[in-house]
Amino acid sequence: MNDVGLVSATWRTLRRRPDVIVAALIVLLFAIMAAFPRLFTATSPRACAIREARLDPQGWGTPHPLGTDALGCDVLATMVAGVRPSLLLAFVVVGVSLLIGVTLGLLAGYYLGWADYLISRTIEVFLVVPLLLAALLLLSLFKNVDLGAGTFSVILLPAVVLTLFSWMGYARYVRASVLEAKNLDYVTAARSLGASDLRIMFRHVLPNAIGPVTALVPTSIAAVIGTEAVLSFLGIGVRPPATSWGIQISQGSEWVLGGAPHILLAPLICLVAAVLSLVVLGDALRDALDPRLTA
Amino acid sequence: MALTVAGCSPNDTEPQGGGPVTLETWISQDMETLFPGDAGSYDNISILDVVYDGLVRYDPETTEPYNYVAESIEAGDDNTVWTIKIKPDLTFQNGEPVDAEAFARSWNYTADGDNALYSNYFFGIVEGYDEMQPETDDEGNITTPGAVDELSGLRVIDDLTLEVTLSSPFAGFATMLGYTGFFPIAQECLDDVEACAKQPIGNGPFQVTDWQQSQELTAEKWADYPLDETPDYDAIHWTEYAAGETAGWADFQTGDLDLSFPPTAEVEAAANDPELAERYVERPGSALTFIGFSGYTEGPWNDIEFRKAISMAIDREGIISSLGSGQATPADSWVVPGGVPGGEAGTCEWCTYDPEAAQAALEEAGGWPKGEKLQISLGDDEAEVEYFTAIGNSIEEVLGIPYELNVDPDYFASRSAQGYDGMFRNNWFPDYPLNENYLSFYASGEPGAGHWGWYSKEFEDKLDEAAGARTLDEAVVLYQEAEAILAEEFPTIPFRWSFSATYYSERLDNVTLNPFSGAPILREIEITE
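Structural data, given as structure tokens:
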């Protein structure tokens with residue numbers, strides 16, 4: 001099956017599943033929200049009138065459709081503003097981890113020997129450290145490092161830490177696929193025709209190995225979004241005054257019993273919807289891409 | 001550790017077997033010392049209040065001082081020389097006598113700048129203080145220790161008579177003497193100050209028996225207490241909670257604590273509970289939270305119009321009513337109104353929310369530099385971070401000045417070292433009931449010095465004039481004039497008066513609150529079981 005065939009076959013499988021369509025639409029919605037927040041709200045998340053604190057949701061068309069939080073900031077505006085750091089963080093972390101994981105997995109699986117030994121042991125070292133513990137430790141240590149307040153600066157620290165502990169899965173997956181693929185007849189044929197290592201790796205081995213890894217991506221993005229919320233809840237993720245869903249959830253949790261549960265519910269529903277959609281997509285993608293699962 | 005704490009809960013001390021009756025209360029976890037001369041926080045001051053007795057104590061209603069350990073306190077003709085006579089036959093909990101020497105020993109130790117104690121500055125009014133202060137380098141390290149170790153103005157006449165000579169007249173000296181820093185200490189305490197800071201040897205109705213730092217502290221009644229202000233119960237147990245932790249309220253609800261106050265989000269629910277409402281006391285507090293500026297750095301805040309603009313842009317009413325659920329009062333003066341002699345409301349002309357006047361004042365000050373952020377610094381306290389976020393929002397909303405919060409765990413050190421750039425939070429608990437106490441800490445001595453880099457010769461001359469007044473009443477009026485100068489020059493912005501309130505358990509009775517600190521007066525509480 002050539003590349004075009006794989007893509008279109010995948011697409012055919014996916015579009016027959018209604019849950020995938022719904023999940024994709026939700027993810028698309030959040031992506032648009034991150035790119036064009038103005039489409040969803042005209043209010044700035046930093047325009048907070050304390051006298052209007054903890055208003056109940058007032059419905060669409062009013063100044064505060066989802067009400068206001070404990071400091072009088074608009075809940076919808078804060079939520080929309082929180083999408084960008086959450087998604088950006090997820091894409092950066094998954095992107096960089098993918099790059100590292102695929103490169104190392106490819107090297108280890110193709111060359112074996114000392115390269116494999118070195119890479120596999122490193123993978124094991126990083127695997128045995130629990131992610132949450134390591135993230136807590138590193139982020140608390142560097143809590144007071146000032147990186148500025150740009151969109152990218154606020155997520156830089158969590159991004160580095162999360163990347164550090166999420167590339168191993170890809171590396172292992174790729175290594176296993178490479179081991180399998182490199183002994184296939186057509187690879188042996190290419191080698192005997194005198195193809196260089198690089199050419200074999202990128203033309204013949206990698207395309208075969210990349211499928212299963214791609215299926216991991218949506219699930220990983222979901223995991224990063226979830227982890228970011230946990231870290232922000234603990235006060236060490238994205239830093240205020242920048243906002244993220246985790247920060248909103250943490251602030252809202254105080255008021256659940258204090259008569260203003262909407263401050264918690266709005267970001268919580270978004271978080272659950274986004275994570276769930278991504279997991280559904282990941283699942284479907286794996287079914288479609290992994291040849292071993294197709295009947 | 002949880003087991004130990006539970007072991008001391010009131011449920012285990014039901015008086016069936018006639019066991020000791022223990023009051024269960026709490027402090028926050030960061031208390032460092034119980035040495036009288038070094039205690040400056042809400043927690044250690046309220047604990048030392050039952051462990052030590054001062055020369056005077058204050059009436060909980062009128063805040064008027066009355067003699068307690070002192071037999072009499074008399075001023076010489078011009079309020080410079082004070083003669084203190086001490087009641088006979090009083091002892092410390094270890095048997096040492098509480099005499100003139102016990103006070104002299106304590107005051108000399110605290111006044112000695114080499115020991116770097118919190119209450120050191122209170123002795124600045126006593127003759128010979130300057131010779132006791134060390135020279136320090138720019139980082140505050142001692143380079144040359146103070147020349148002498150005793151105040152020349154302090155003279156032990158006989159066992160029970162102490163003569164104090166002040167460096168200049170001060171009519172309010174007797175009022176100061178009930179403050180923690182003026183408590184006596186035993187010789188045994190001075191011999192091992194570190195041990196004494198952990199387990200003080202007091203002369204009050206309770207003695208500290210055990211302090212597991214940052215976990216719990218227990219004090220038991222001293223059987224031989226000679227004076228009469230002591231409650232009927234047998235012991236007090238303080239559980240320590242991390243600052244901002246809400247576990248205290250949960251423990252109160254399960255009956256493990258006798259005194260507590262709910263976290264912000266639960267204030268309303270508690271107030272609406274008719275059963276709880278019966279067990280509630282409140283009183284306006286006298287601690288001022290105010291905003292200072294780094295007058296020692298370049299910035300728009302050195303223009304008084306800018307400070308006015310900031311002050312009028314802060315919606316005190318709105319912030320306090322929605323964050324504190326009414327648990328505080330907006331401040332519009334520098335001395336607590338009604339709480340101490342000379343305190344009046346409304347001395348601050350620019351302390352009401354007025355967006356238009358604020359914008360006009362900002363324009364007059366030349367606006368805010370584009371692209372810059374106003375830094376708002378404060379200590380690491382969750383509730384206060386919320387308040388100051390709201391203050392920042394209010395300023396940004398009215399004046400369009402973007403801000404950033406700088407939450408600084410080393411707040412006190414940074415402030416002393418003039419390490420801020422912008423505006424920062426300050427809080428002042430009064431030490432004794434006189435308006436002078438709210439004003440004298442602004443006297444920095446020279447331009448650019450002090451926490452705010454603010455200096456006014458006129459203001460400091462007025463303070464000196466007031467200190468030299470013949471009577472306390474005259475002094476109070478002159479201090480009011482000093483407050484007026486402060487109001488005119490406007491170096492700091494009053495924000496909020498504390499408001500104290502507490503809920504108490506069913507077995508407590510006669511719960512009243514201290515007019516200065518707002519802490520429940522432990523000596524007055526009765527336990528009915």
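In the order they appear, the protein sequences are chains A and B.
With the first letter of the first sequence counted as 1, position 217 gets the number 217 in the UniProt record's numbering; the numbers rise by one all the way through.
With the first letter of the second sequence counted as 1, position 437 gets the number 437 in the UniProt record's numbering; the numbers rise by one all the way through.
All C-beta atoms, glycine included, are put in the ideal place defined by N, C-alpha and C.
Quiz prompt | Proximity to Glu-220/B [Cα-Cα], best of Leu-378/B, Thr-230/B, Gln-213/B | solution = Thr-230/B
Quiz item: Between which two residues does the beta strand (DSSP E) carrying Leu-154/B extend?
Solution: 154 to 158
Self-check item: Short Cβ contact (8 Å threshold) for Ile-225/A with Ala-274/A
Solution: yes
Quiz prompt | Gly-190/B versus Ala-102/B, Leu-90/B, Pro-409/B, residue with shortest Cα-Cα distance | solution = Looking at the sequence provided, one finds Leu at residue 190/B rather than Gly. For Leu-190/B, the nearest C-alpha among the options comes from Ala-102/B.
Practice problem: Under 8 Å by Cβ, that's how I've got Phe-233/A and Gly-252/A pegged, so tell me the actual separation to the nearest angstrom. | Solution: About 10 Å; that fails the 8 Å criterion.
Exercise. Closer than 6 Å by C-beta to Arg-15/A: which residues in its own chain qualify, once you throw out the five before and the five after it? Chain order, please.
Key: none
Quiz item: Helix, strand or coil for Thr-264/B per DSSP?
Solution: helix
Practice problem: Taking only the alpha-carbon atoms, compute the straight-line gap between Leu-478/B and Gly-153/B and give it to the nearest angstrom. | Solution: 26 Å
Practice problem: Would you list, in sequence order, the uninterrupted beta strand (DSSP E) runs of no fewer than 3 residues that lie entirely inside the segment 423 to 506 of chain B? | Solution: 423 to 428, 493 to 504
Quiz prompt | Beta-bridge partners of Lys-85/B, as assigned by DSSP | solution = Ser-72/B, Thr-161/B
Self-check item: Buried versus exposed call for Glu-228/A [16 or more other C-beta atoms within 10 Å across all chains shown]
Solution: buried
Exercise. Using only alpha-carbon positions, find the residue among Phe-182/B, Ile-304/B, Asp-332/B, Thr-528/B that is nearest to Tyr-118/B.
Key: Phe-182/B
Quiz item: How far does the beta strand (DSSP E) with Glu-150/B in it reach, from first residue to last?
Solution: Note, Glu-150/B: premise wrong, no beta strand (DSSP E); not H, not E.
Exercise. Return helix, strand or coil for Ser-196/A, following the three-state DSSP convention.
Key: coil
Self-check item: Inter-stretch contact at 8 Å, needing at least 3 Cβ pairs: the segment 401 to 409 of chain B / the segment 445 to 454 of chain B
Solution: no
Exercise. Determine the contact status of Val-267/B and Gln-327/B, defining contact as a CB-CB distance below 8 Å.
Key: yes
Quiz item: Within 8 Å (strictly less), CB to CB, does Gly-318/B reach chain A?
Solution: yes
Exercise. Drop a sphere of 10 angstroms on the beta-carbon of Gly-150/A, count the other beta-carbons inside from all chains shown, and report buried for 16 or more, exposed for fewer.
Key: exposed
Quiz item: alpha helix (DSSP H) containing Trp-114/A: first to last residue?
Solution: 113 to 128
Practice problem: State the DSSP-derived secondary structure class of Phe-233/A, mapped to helix, strand or coil. | Solution: helix
Quiz item: Does the Cβ of Asp-30/B have 16 or more other Cβ atoms within 10 Å, making it buried, or fewer, making it exposed?
Solution: exposed
Quiz item: DSSP on residue 532/B, reduced to helix/strand/coil?
Solution: The structure shown has nothing for residue 532/B, since chain B only spans 1 to 529.
Quiz item: When you compare each of Thr-83/B, Trp-222/B, Asp-114/B, Ala-100/B to Gln-207/B by their alpha carbons, which one comes out closest?
Solution: Trp-222/B
Quiz item: Between Tyr-58/B and the rest of its own chain, which residues show a CB-CB distance below 8 Å, the 5 nearest in sequence each way excluded?
Solution: Glu-64, Pro-65, Tyr-66, Gly-178, Tyr-432, Pro-433, Pro-515, Phe-516
Quiz item: In chain B, what lies closer than 8 Å to Glu-254/A by C-beta?
Solution: Pro-263, Thr-264, Ala-265
Quiz item: Ile-50/A CB to nearest chain B CB: under 8 Å?
Solution: yes
Quiz item: Can you list the residues of chain A that Ser-377/B reaches, using a CB-CB cut of under 7 Å?
Solution: Neighbours of Ser-377/B on chain A: none; closest Cβ ~13 Å, over 7 Å.
Self-check item: Close-in-space but distant-in-sequence residues of the same chain around Trp-454/B (CB under 6 Å, 5 per side omitted)
Solution: Gly-295, Pro-491
Exercise. Check distances from the C-beta atoms of the segment 47 to 72 of chain A to those of chain B and list, in chain order, the residues that come in under 8 Å.
Key: Ala-47, Cys-48, Ala-49, Ile-50, Arg-51, Ala-53, Arg-54, Ala-70, Leu-71, Gly-72
Practice problem: Verify the CB distance criterion: does Ile-155/A have a CB-CB separation below 8 Å to chain B? | Solution: no
Exercise. Pick helix, strand or coil for Trp-167/A, following the three-state DSSP scheme.
Key: coil
Quiz item: Any beta-carbon of chain B closer than 8 Å to the one on Gly-82/A?
Solution: no
Quiz prompt | Beta-carbon neighbours of Leu-257/A, restricted to chain B and to distances below 8 Å | solution = Ala-265, Glu-266, Ala-269
Exercise. Ignore the nearest five residues each way along the sequence and tell me which others in Leu-486/B's own chain have a CB closer than 6 Å to its CB.
Key: Trp-334
Quiz item: Across which residues does DSSP place Trp-26/B in a beta bridge pair?
Solution: Thr-239/B
Quiz item: Which chain A residues sit within Cβ distance under 7 Å of Ala-390/B?
Solution: Ile-50, Leu-71
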